[in-house]
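In the UniProt record's numbering, the protein residues as written are 1 to 258.
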(Lines of atoms letter the chains of each structure in order from A; the text may use other names.)
(Lines give C-alpha, C1' and ligand atoms only; values in the text may rest on other atoms or scores of the structure.)
Protein backbone atom coordinates (compact mmCIF):
# COMPACT_ATOMS: atom_id res chain seq x y z
CA UNK A 1 0.00 0.00 0.00
CA UNK A 2 1.18 3.56 -0.60
CA UNK A 3 3.03 5.18 2.27
CA UNK A 4 0.48 8.00 2.21
CA UNK A 5 -3.16 7.21 1.51
CA UNK A 6 -5.50 9.64 -0.27
CA UNK A 7 -7.35 11.83 2.22
CA UNK A 8 -10.69 9.99 2.18
CA UNK A 9 -8.97 6.62 2.59
CA UNK A 10 -6.75 7.98 5.34
CA UNK A 11 -9.69 9.38 7.31
CA UNK A 12 -11.89 6.31 6.91
CA UNK A 13 -9.33 3.50 7.10
CA UNK A 14 -6.07 4.93 8.43
CA UNK A 15 -6.44 4.03 12.14
CA UNK A 16 -7.72 0.53 11.37
CA UNK A 17 -5.02 -0.17 8.79
CA UNK A 18 -2.37 0.95 11.29
CA UNK A 19 -3.68 -1.62 13.79
CA UNK A 20 -3.45 -4.27 11.09
CA UNK A 21 0.07 -3.25 10.18
CA UNK A 22 1.13 -3.23 13.83
CA UNK A 23 -0.07 -6.83 14.09
CA UNK A 24 1.88 -7.72 10.95
CA UNK A 25 -1.11 -8.28 8.69
CA UNK A 26 -2.70 -6.78 5.60
CA UNK A 27 -6.30 -7.13 4.35
CA UNK A 28 -7.07 -10.03 2.02
CA UNK A 29 -9.33 -8.95 -0.84
CA UNK A 30 -10.75 -10.65 -3.91
CA UNK A 31 -12.90 -9.27 -6.74
CA UNK A 32 -16.17 -10.50 -8.26
CA UNK A 33 -17.98 -8.75 -11.10
CA UNK A 34 -21.55 -9.84 -11.95
CA UNK A 35 -23.88 -9.91 -14.96
CA UNK A 36 -21.39 -10.37 -17.79
CA UNK A 37 -23.35 -11.13 -20.97
CA UNK A 38 -20.86 -10.70 -23.80
CA UNK A 39 -18.18 -8.41 -25.20
CA UNK A 40 -19.17 -4.77 -24.61
CA UNK A 41 -17.52 -1.40 -24.13
CA UNK A 42 -17.93 -1.58 -20.33
CA UNK A 43 -16.40 -5.06 -20.33
CA UNK A 44 -13.35 -3.70 -22.16
CA UNK A 45 -13.09 -0.96 -19.57
CA UNK A 46 -13.29 -3.55 -16.79
CA UNK A 47 -10.65 -5.80 -18.34
CA UNK A 48 -8.35 -2.85 -18.95
CA UNK A 49 -8.69 -1.79 -15.32
CA UNK A 50 -7.94 -5.31 -14.06
CA UNK A 51 -4.95 -5.59 -16.38
CA UNK A 52 -3.44 -2.23 -15.38
CA UNK A 53 -3.83 -2.95 -11.69
CA UNK A 54 -2.75 -6.58 -12.04
CA UNK A 55 -5.94 -7.51 -10.21
CA UNK A 56 -7.32 -11.05 -10.64
CA UNK A 57 -11.02 -10.96 -11.50
CA UNK A 58 -13.87 -13.45 -11.15
CA UNK A 59 -16.37 -12.66 -13.88
CA UNK A 60 -19.84 -14.06 -13.17
CA UNK A 61 -21.33 -14.72 -16.62
CA UNK A 62 -24.84 -15.44 -17.83
CA UNK A 63 -25.43 -18.37 -20.18
CA UNK A 64 -27.00 -16.30 -22.94
CA UNK A 65 -26.55 -16.08 -26.71
CA UNK A 66 -23.19 -14.30 -26.46
CA UNK A 67 -21.52 -16.62 -23.94
CA UNK A 68 -19.14 -18.14 -26.50
CA UNK A 69 -18.05 -14.65 -27.63
CA UNK A 70 -17.45 -13.70 -24.00
CA UNK A 71 -15.36 -16.80 -23.33
CA UNK A 72 -13.26 -16.18 -26.43
CA UNK A 73 -12.72 -12.56 -25.45
CA UNK A 74 -11.43 -13.27 -21.95
CA UNK A 75 -9.46 -16.46 -22.66
CA UNK A 76 -6.40 -14.30 -23.41
CA UNK A 77 -6.76 -12.48 -20.07
CA UNK A 78 -4.79 -14.72 -17.68
CA UNK A 79 -6.14 -13.07 -14.53
CA UNK A 80 -9.81 -13.57 -15.38
CA UNK A 81 -11.88 -16.51 -14.14
CA UNK A 82 -15.40 -17.12 -15.47
CA UNK A 83 -18.08 -18.22 -13.02
CA UNK A 84 -21.67 -19.36 -13.63
CA UNK A 85 -24.15 -16.60 -12.86
CA UNK A 86 -27.43 -18.42 -12.49
CA UNK A 87 -29.36 -20.48 -15.01
CA UNK A 88 -30.64 -17.64 -17.22
CA UNK A 89 -30.69 -14.76 -14.71
CA UNK A 90 -34.48 -14.41 -14.91
CA UNK A 91 -36.43 -13.31 -11.84
CA UNK A 92 -39.15 -15.85 -10.97
CA UNK A 93 -40.16 -14.49 -7.60
CA UNK A 94 -43.75 -13.27 -7.19
CA UNK A 95 -44.14 -9.51 -7.29
CA UNK A 96 -43.15 -7.92 -4.02
CA UNK A 97 -41.18 -10.98 -2.85
CA UNK A 98 -37.72 -9.85 -3.86
CA UNK A 99 -35.57 -11.33 -6.62
CA UNK A 100 -34.38 -14.82 -7.46
CA UNK A 101 -34.66 -17.49 -10.11
CA UNK A 102 -35.47 -20.29 -7.66
CA UNK A 103 -38.83 -20.01 -5.91
CA UNK A 104 -40.25 -21.73 -2.86
CA UNK A 105 -42.05 -24.53 -4.67
CA UNK A 106 -39.17 -25.62 -6.91
CA UNK A 107 -38.04 -29.21 -6.43
CA UNK A 108 -34.38 -29.97 -5.76
CA UNK A 109 -34.28 -32.28 -8.76
CA UNK A 110 -35.43 -29.43 -11.03
CA UNK A 111 -32.68 -27.21 -9.64
CA UNK A 112 -30.17 -30.02 -10.14
CA UNK A 113 -31.21 -30.40 -13.78
CA UNK A 114 -30.94 -26.64 -14.35
CA UNK A 115 -27.45 -26.59 -12.88
CA UNK A 116 -26.33 -29.43 -15.12
CA UNK A 117 -27.82 -27.90 -18.28
CA UNK A 118 -26.22 -24.54 -17.53
CA UNK A 119 -22.80 -26.01 -16.87
CA UNK A 120 -23.07 -27.93 -20.15
CA UNK A 121 -23.70 -24.61 -21.92
CA UNK A 122 -20.49 -23.22 -20.44
CA UNK A 123 -18.56 -26.32 -21.47
CA UNK A 124 -19.86 -25.99 -25.02
CA UNK A 125 -18.65 -22.38 -24.97
CA UNK A 126 -15.16 -23.61 -24.09
CA UNK A 127 -14.80 -23.09 -20.36
CA UNK A 128 -15.22 -25.35 -17.32
CA UNK A 129 -16.25 -23.15 -14.37
CA UNK A 130 -16.19 -24.37 -10.78
CA UNK A 131 -17.98 -21.46 -9.06
CA UNK A 132 -21.72 -20.72 -8.99
CA UNK A 133 -22.95 -17.18 -8.27
CA UNK A 134 -26.74 -17.05 -7.79
CA UNK A 135 -28.41 -13.97 -9.29
CA UNK A 136 -29.24 -11.38 -6.65
CA UNK A 137 -27.11 -13.47 -4.24
CA UNK A 138 -30.22 -15.54 -3.53
CA UNK A 139 -28.96 -18.78 -1.99
CA UNK A 140 -32.16 -20.80 -1.78
CA UNK A 141 -32.09 -24.07 0.23
CA UNK A 142 -32.83 -26.11 -2.92
CA UNK A 143 -29.71 -24.68 -4.56
CA UNK A 144 -27.50 -25.53 -1.62
CA UNK A 145 -28.88 -29.08 -1.61
CA UNK A 146 -28.34 -29.53 -5.36
CA UNK A 147 -24.85 -28.03 -5.69
CA UNK A 148 -22.87 -30.94 -4.14
CA UNK A 149 -24.24 -33.24 -6.87
CA UNK A 150 -23.27 -30.84 -9.66
CA UNK A 151 -19.96 -30.30 -11.50
CA UNK A 152 -19.54 -27.09 -9.48
CA UNK A 153 -17.47 -27.12 -6.31
CA UNK A 154 -18.00 -23.64 -4.86
CA UNK A 155 -20.62 -20.94 -4.38
CA UNK A 156 -20.49 -17.20 -3.82
CA UNK A 157 -23.21 -15.09 -2.23
CA UNK A 158 -23.01 -11.93 -0.14
CA UNK A 159 -21.76 -10.98 3.32
CA UNK A 160 -20.81 -14.28 4.94
CA UNK A 161 -17.40 -15.53 6.01
CA UNK A 162 -15.59 -17.98 3.79
CA UNK A 163 -16.12 -21.62 4.66
CA UNK A 164 -18.49 -24.40 3.68
CA UNK A 165 -22.23 -24.01 3.11
CA UNK A 166 -24.46 -26.93 2.20
CA UNK A 167 -21.47 -29.14 1.51
CA UNK A 168 -19.71 -26.82 -0.96
CA UNK A 169 -16.95 -24.26 -0.41
CA UNK A 170 -18.19 -20.68 -0.09
CA UNK A 171 -16.49 -17.36 -0.75
CA UNK A 172 -18.72 -14.28 -0.62
CA UNK A 173 -18.58 -10.69 -1.78
CA UNK A 174 -18.98 -8.02 0.92
CA UNK A 175 -18.36 -4.58 -0.56
CA UNK A 176 -20.80 -3.56 -3.29
CA UNK A 177 -19.49 -0.47 -5.04
CA UNK A 178 -23.04 0.39 -6.20
CA UNK A 179 -26.28 1.27 -4.50
CA UNK A 180 -29.40 0.00 -6.23
CA UNK A 181 -32.43 1.79 -4.86
CA UNK A 182 -33.96 4.08 -7.52
CA UNK A 183 -31.38 2.96 -10.08
CA UNK A 184 -27.78 1.79 -9.94
CA UNK A 185 -25.19 4.42 -9.06
CA UNK A 186 -21.95 4.77 -7.10
CA UNK A 187 -22.45 4.02 -3.42
CA UNK A 188 -20.20 6.89 -2.36
CA UNK A 189 -16.63 6.88 -1.10
CA UNK A 190 -17.42 7.39 2.58
CA UNK A 191 -20.21 4.78 2.72
CA UNK A 192 -18.08 2.21 0.93
CA UNK A 193 -14.98 2.81 3.05
CA UNK A 194 -16.99 2.94 6.28
CA UNK A 195 -18.36 -0.53 5.58
CA UNK A 196 -14.88 -1.74 4.75
CA UNK A 197 -13.62 -0.35 8.06
CA UNK A 198 -16.32 -2.29 9.93
CA UNK A 199 -15.39 -5.49 8.12
CA UNK A 200 -11.71 -5.00 8.91
CA UNK A 201 -12.45 -4.32 12.55
CA UNK A 202 -14.60 -7.45 12.83
CA UNK A 203 -11.82 -9.58 11.41
CA UNK A 204 -9.16 -7.98 13.61
CA UNK A 205 -11.13 -8.44 16.82
CA UNK A 206 -11.87 -12.06 15.92
CA UNK A 207 -8.28 -12.72 14.89
CA UNK A 208 -9.51 -13.66 11.40
CA UNK A 209 -6.69 -11.90 9.60
CA UNK A 210 -6.89 -14.08 6.50
CA UNK A 211 -10.69 -14.02 6.18
CA UNK A 212 -11.21 -12.61 2.67
CA UNK A 213 -13.24 -9.51 1.88
CA UNK A 214 -14.93 -9.55 -1.51
CA UNK A 215 -15.21 -6.48 -3.74
CA UNK A 216 -18.42 -6.63 -5.81
CA UNK A 217 -18.85 -4.72 -9.08
CA UNK A 218 -21.32 -4.75 -11.99
CA UNK A 219 -19.48 -3.34 -14.99
CA UNK A 220 -22.61 -2.82 -17.11
CA UNK A 221 -24.05 -0.48 -14.44
CA UNK A 222 -21.04 1.65 -13.52
CA UNK A 223 -21.28 5.41 -13.77
CA UNK A 224 -18.26 7.67 -14.14
CA UNK A 225 -17.85 8.10 -10.38
CA UNK A 226 -17.74 4.32 -9.92
CA UNK A 227 -14.95 3.87 -12.45
CA UNK A 228 -12.94 6.69 -10.88
CA UNK A 229 -13.26 5.19 -7.42
CA UNK A 230 -12.26 1.72 -8.61
CA UNK A 231 -9.14 3.13 -10.25
CA UNK A 232 -8.14 4.62 -6.92
CA UNK A 233 -9.15 1.64 -4.79
CA UNK A 234 -7.32 -0.94 -6.90
CA UNK A 235 -4.19 1.20 -6.91
CA UNK A 236 -4.11 0.92 -3.12
CA UNK A 237 -5.26 -2.61 -2.27
CA UNK A 238 -3.78 -5.78 -3.79
CA UNK A 239 -6.33 -8.31 -5.03
CA UNK A 240 -6.02 -12.08 -4.63
CA UNK A 241 -7.54 -14.56 -7.05
CA UNK A 242 -10.56 -16.60 -6.01
CA UNK A 243 -8.78 -19.79 -7.05
CA UNK A 244 -5.77 -18.90 -4.91
CA UNK A 245 -7.91 -18.26 -1.86
CA UNK A 246 -9.87 -21.50 -2.27
CA UNK A 247 -7.05 -23.67 -3.60
CA UNK A 248 -9.10 -24.30 -6.73
CA UNK A 249 -7.15 -24.84 -9.94
CA UNK A 250 -8.95 -24.11 -13.22
CA UNK A 251 -10.23 -27.24 -14.95
CA UNK A 252 -10.11 -28.18 -18.60
CA UNK A 253 -13.50 -28.42 -20.34
CA UNK A 254 -14.76 -32.00 -20.29
CA UNK A 255 -17.76 -33.64 -21.86
CA UNK A 256 -20.90 -33.90 -19.77
CA UNK A 257 -23.66 -36.37 -20.41
CA UNK A 258 -27.18 -35.03 -20.52
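Ideal Cβ positions, reconstructed from N, Cα and C, are used throughout, including at glycine.
With respect to residue 85, residue 60 sits close: the two C-beta atoms are nearer than 8 Å. In this structure, the CA atom of residue 151 is about 9 Å from the CA atom of residue 129. For the pair of segments examined, the region 178-194 was found to touch the region 220-231: the number of CB pairs separated by less than 8 Å reaches three. At the C-beta level, residue 227 and residue 12 stay beyond 8 Å of one another.
When the beta-carbon positions are compared, residue 215 and residue 162 stay at least 8 Å from each other.
Residue 175 is bridged by DSSP to 215. Where residue 57 is concerned, the enclosing beta strand (DSSP E) starts and stops at 57-61. Under the 10 Å beta carbon count, residue 135 is surrounded by 16 or more other beta carbons and is classified as buried. Excluding its 5 nearest sequence neighbours in each direction, residue 62 has C-beta neighbours in its own chain below 8 Å: 35, 36, 37, 85, 86, 88, 89, listed in chain order.
Non-local beta-carbon contacts of residue 53 in its own chain, meaning distances under 7 Å to residues more than five positions away in sequence, involve 234, 235 in chain order. For residue 230, the closest alpha carbon among the candidates 73, 154, 218 is that of 218.
Straight-line spacing of the CA atoms in residue 91 and residue 42 works out to 24 Å. Across the structure, residue 192 and residue 247 are spaced so that their CA atoms are roughly 28 Å apart. As the crow flies, the alpha-carbon of residue 156 is around 30 Å from that of residue 15. In this structure, the beta-carbon distance from residue 149 to residue 197 does not fall below 8 Å. Rounded to whole angstroms, the gap between the alpha carbons of residue 121 and residue 145 is 21 Å. Taken through DSSP and simplified to helix, strand or coil, residue 182 comes out as coil. The shortest CA-to-CA distance from residue 10 to any of 243, 194, 74 is the one to 194.
In this structure, residue 240 sits away from residue 81, with a CB-CB distance that is not shorter than 8 Å.
Rounded to the nearest angstrom, the gap between the Cα atoms of residue 212 and residue 72 is 29 Å. Inter-residue distance for residue 238 and residue 65 is about 34 Å (C-alpha atoms, whole angstroms). Straight across, the Cα-Cα distance linking residue 184 with residue 101 is about 20 Å. In this structure, the beta-carbon distance from residue 68 to residue 32 does not fall below 8 Å. If you draw a 10 Å sphere on the C-beta of residue 6, you find fewer than 16 other C-beta atoms in it, and that means exposed. The beta carbons of residue 47 and residue 77 sit closer together than 8 Å. If you look at residue 220, you'll find it isn't in any beta strand (DSSP E); DSSP assigns it neither H nor E.
Distances from the CA of residue 142 to each of 49, 168, 103 were compared; the closest alpha carbon is that of 103.
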